[in-house]
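Novice:
There are 2 protein chains.
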Amino acid sequence: MNAARDKANHRISTLKSLLCVGLDADREKVPAVFSRFSSPVLEFNRSVIRATRDYAAAYKINTAFYEARGIEGFRDMEETLVEIPSECLSIADAKRADIGNTSRMYARAFFEHWEFDSVTVAPYMGYDSLEPFFSYSDKLVFVLCLTSNAGSRDFEEQQLEGGLPLYRRVLERVSQWGAGGNGGVVVGATKSALLADIRNAAPGLFFLIPGVGAQGGSLEEAVDLGVDANREGALVNISRSLIYPPGEFRDIAAYEAAVSMEAERLHSAMRSVL
Amino acid sequence: MNAARDKANHRISTLKSLLCVGLDADREKVPAVFSRFSSPVLEFNRSVIRATRDYAAAYKINTAFYEARGIEGFRDMEETLVEIPSECLSIADAKRADIGNTSRMYARAFFEHWEFDSVTVAPYMGYDSLEPFFSYSDKLVFVLCLTSNAGSRDFEEQQLEGGLPLYRRVLERVSQWGAGGNGGVVVGATKSALLADIRNAAPGLFFLIPGVGAQGGSLEEAVDLGVDANREGALVNISRSLIYPPGEFRDIAAYEAAVSMEAERLHSAMRSVL
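Residue numbers (our numbering), protein chains in the order written: chain A, 1 to 274; chain B, 1001 to 1274.
Laid out in structure tokens, this is it:
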């Protein structure tokens, strides 16, 4: 039993949705209708959540967008967290990791201070840099594996002696380290040719799949190839193409209607595959 | 010309010190004499800086220790930054990196919002995840290469096809990406047998060397093997063994005297090698 995993899977299987809404609230992209608020980013996030909550299984907060604005940004993040529906998984997309005593501080920050259900972490420094996150048995830990960007070729896809690429070694290790149920990986949807192989090699891990939408990956393939044997255990993140719909909005209701329509479309597409 | 690099090298060569003081202010380890302040961590940092400023070339803020306490922690970080002497390099030890549009936000956070001189970043996601940091030509970017922890065996030291370990490929790439003068790497002092090789392979990079002190690496070897051909271009970080001297302190002056004595000892040892 793992509270975060169980919550996510329950939501996925009842709603038939893998939709993870990425709250990448860039102050410069927030539509003009939010400008009159003292915290435009917070009001924007509230609107996104209202417009998507019937379709979403999870919400992912990209910490960079908040950190870029310092304390004011972290205040928006803190108040946004309160708005995430309790039946949805909350993910801190933070990609942290450091030596053990420092990773313990990061784990404390995201799991205890901010009370996220899950966090993304970077594998480069190895086991003792991730163990402090894995020591939380009721959380989910998503380790970067094969990412959706061009730079994945530089190191992630490099072949190791013996023939496996680096990301496959990361996958093997996370399968061991997260065997208790809190193990997850980030696998980009832009690499859908590899997604089926990765799922076969790691049937028990939770998958967080970015790269659909602005980055161009196929939604249907991400859903179909990403889920586990129970047709759950995966989330497909959509950020920019959902929260920044094209056009001008005369009021907040019009903005929310546009986001809601796109969320419903994404949910339908996912439901038809699941 | 690179303002951050020039500042660091000027300080290193005039003071004959590579000392980087790690401000890993753990609220639970801050000595009792600071408890009476409304911000014990901030007053502790002020004391550490007062006690070490005649010996230090750089100050490194480990963001995890501040993030663990949320907004209150970031406020301490912000006020600590103001206290770092302008002739010393400020380093955000953040180990960030993400896809390009997100890394741009992190780079903005550390270089523009908080105004650090340099930042540590993680290489796993490759070039486009680091380019937003390298695009700042007056800053220093320290990429994780071979770290001081046991987990470095899991991925960093894995042999790639062709015979080089992963960390050597990172070193090659950073030598290209940071060729304009803002390239740096993190190389642990616990791997001193490899430090000379790494310096030979990357004569132009700036080195940030953790692992001396609490982690057990040799100070003299780190200094002698880490510097470039001009006997500069490297910083040796000391955190816990310097800022948490053993014993109880009857007042702040006694704490500062203990830290100052240790900083002077470290400086002497470095000066005798340089």
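Even for Gly, the Cβ is constructed at its ideal location relative to N, Cα and C. None of these values were measured; they are calculated from a predicted model.
(1) Can you tell me whether B:Lys1191 is helix, strand or coil according to DSSP?
(2) Where does the unbroken beta strand (DSSP E) through A:Lys95 begin, and where does it stop?
(3) Who are the Cβ neighbours of B:Val1174 in its own chain at under 6 Å, not counting the five residues just before and after it?
(4) Put B:Tyr1124 into one of helix, strand or coil per three-state DSSP.
(5) If the cut is a Cβ gap below 7 Å, which residues of chain A does B:Ile1061 touch?
(6) As a quick exercise: from A:Ala201, A:Leu164, A:Arg169 and A:Ser218, pick the residue whose alpha carbon is nearest that of A:Thr190.
(7) Quick one, which residues of the segment 1116-1147 of chain B are near chain A if we go by CB-CB under 7 Å, in chain order?
(8) Please classify B:Gly1204 as buried or exposed, where buried requires at least 16 neighbouring CB atoms within 10 angstroms.
(9) By DSSP, does B:Ser1272 sit in helix, in strand, or in coil?
(10) Below 8 Å on the Cβ atoms is my contact criterion, and I expect B:Tyr1059 with B:Ser1090 to pass it. Report the Cβ-Cβ distance as a whole number of Å.
(11) I'd like to check one pair, B:Val1021 with B:Ser1063: are the Cβ atoms closer than 8 Å?
(12) Would you report the Cα separation of A:Val170 and A:Phe155, rounded to the nearest angstrom?
(13) With which residues is A:Ser118 paired in a DSSP beta bridge?
(14) Which stretch, first to last residue, makes up the alpha helix (DSSP H) that contains B:Ile1012?
(15) Any beta carbon from chain B within less than 8 Å of A:Gly184's own beta carbon?
(16) Please list, in chain order, the residues of the segment 74-89 of chain A that have any C-beta partner in chain B closer than 8 Å.
(17) Would you mind stating whether B:Gly1180 and B:Ser1118 have Cβ atoms separated by less than 8 Å?
(18) On the DSSP bridge assignment, give the partners of B:Val1185 in chain order.
(19) Helix, strand or coil for A:Ala243, going by three-state DSSP, please let me know.
(20) Are three or more beta carbon pairs between the segment 1095-1109 of chain B and the segment 1126-1141 of chain B nearer than 8 Å?
(21) How many Å lie between B:Thr1120 and B:Gly1233 at the Cα?
(22) So which residues of chain A does B:His1113 contact, with C-beta pairs closer than 9 Å?
(23) So, under 8 Å CB-CB, B:Gly1213 and B:Leu1242 are touching, yes? Tell me the CB distance rounded to an integer number of Å.
(24) Whose C-alpha, out of A:Glu256, A:Met261, A:Ser148 and A:Gly162, is nearest the C-alpha of A:Ala222?
(25) If you measure beta-carbon to beta-carbon, which residues of the segment 1098-1109 of chain B are closer than 9 Å to chain A?
(26) If the cut is a Cβ gap below 7 Å, which residues of chain A does B:Gly1151 touch?
(27) What are the boundary residues of the alpha helix (DSSP H) that includes B:Tyr1106?
(28) Closer than 9 Å, Cβ to any Cβ of chain B: which residues of the segment 35-65 of chain A, in chain order?
(29) Looking at the unbroken beta strand (DSSP E) that takes in B:Val1048, where does it start and where does it end?
(30) Starting from B:Ile1061, follow its DSSP beta bridges and name the residues at the other end.
(31) I'd like to know if B:Arg1173 contacts chain A, where contact means its C-beta is closer than 8 Å to some C-beta of that chain.
(32) Are B:Tyr1124 and A:Pro123 closer than 8 Å when you measure CB to CB?
(33) Whole angstroms are fine: how far does the CA of A:Met270 sit from the CA of A:Ala253?
(34) Considering B:Ile1238, what are the terminal residues of the beta strand (DSSP E) in which it resides?
(35) Would you mind sorting B:Ser941 into buried or exposed? The rule is 16 or more other CB atoms within 10 Å of its CB.
Specialist: Looking at the atomic coordinates:
(1) helix
(2) Leu89 to Arg96
(3) Val1143, Gly1183 and Val1185
(4) coil
(5) Per Cβ cutoff of 7 Å: no residues; B:Ile1061 is ~12 Å from chain A at best.
(6) If we check each option's Cα against that of A:Thr190, A:Ser218 comes out closest.
(7) For the segment 1116-1147 of chain B, the residues whose beta carbon sits under 7 Å from a beta carbon of chain A are, in order, Ala1122, Pro1123, Tyr1124, Met1125, Gly1126, Tyr1127, Asp1128, Ser1129, Leu1144 and Thr1147.
(8) exposed
(9) helix
(10) Between B:Ser1090 and B:Tyr1059 the Cβ distance is about 6 Å, and since that is below 8 Å, they are a contact.
(11) For clarity, residue 1063 of chain B is Thr in the given sequence; the question names Ser instead. Not closer than 8 Å, so no.
(12) 12 Å
(13) A:Ile91 and A:Leu140
(14) Ala1003 to Leu1015
(15) Not closer than 8 Å to any Cβ of chain B, the Cβ of A:Gly184 fails to qualify, so no.
(16) Along the segment 74-89 of chain A, going in chain order, the ones with a CB nearer than 8 Å to a CB of chain B are Phe74, Arg75 and Glu78.
(17) no
(18) In the DSSP assignment, the residues bridged to B:Val1185 are B:Val1143 and B:Phe1207.
(19) Inspection of the sequence shows that residue 243 of chain A is occupied by Ile rather than by Ala. Helix, per DSSP.
(20) yes
(21) Taking the straight line from one Cα to the other gives about 16 Å.
(22) Chain-ordered, the chain A residues with CB closer than 9 Å to the CB of B:His1113 read Glu67, Ala68, Arg69, Gly70 and Gly73.
(23) 7 Å
(24) A:Ser148
(25) Asp1098, Ile1099, Gly1100, Asn1101, Thr1102, Ser1103, Arg1104, Met1105, Tyr1106, Ala1107, Arg1108 and Ala1109
(26) Met125, Gly126, Tyr127, Asp128 and Ser129
(27) Gly1100 to Ala1107
(28) Correct list: Asn62, Thr63, Ala64 and Phe65.
(29) From DSSP, B:Val1048 is part of no beta strand (DSSP E) but of the alpha helix (DSSP H) over Pro1040 to Thr1052.
(30) The beta-bridge partner set that DSSP reports for B:Ile1061 consists of B:Leu1023 and B:Ala1092.
(31) yes
(32) yes
(33) 25 Å
(34) Ala1234 to Ile1238
(35) With chain B covering only 1001 through 1274, there is no way to say anything about residue 941 of chain B.
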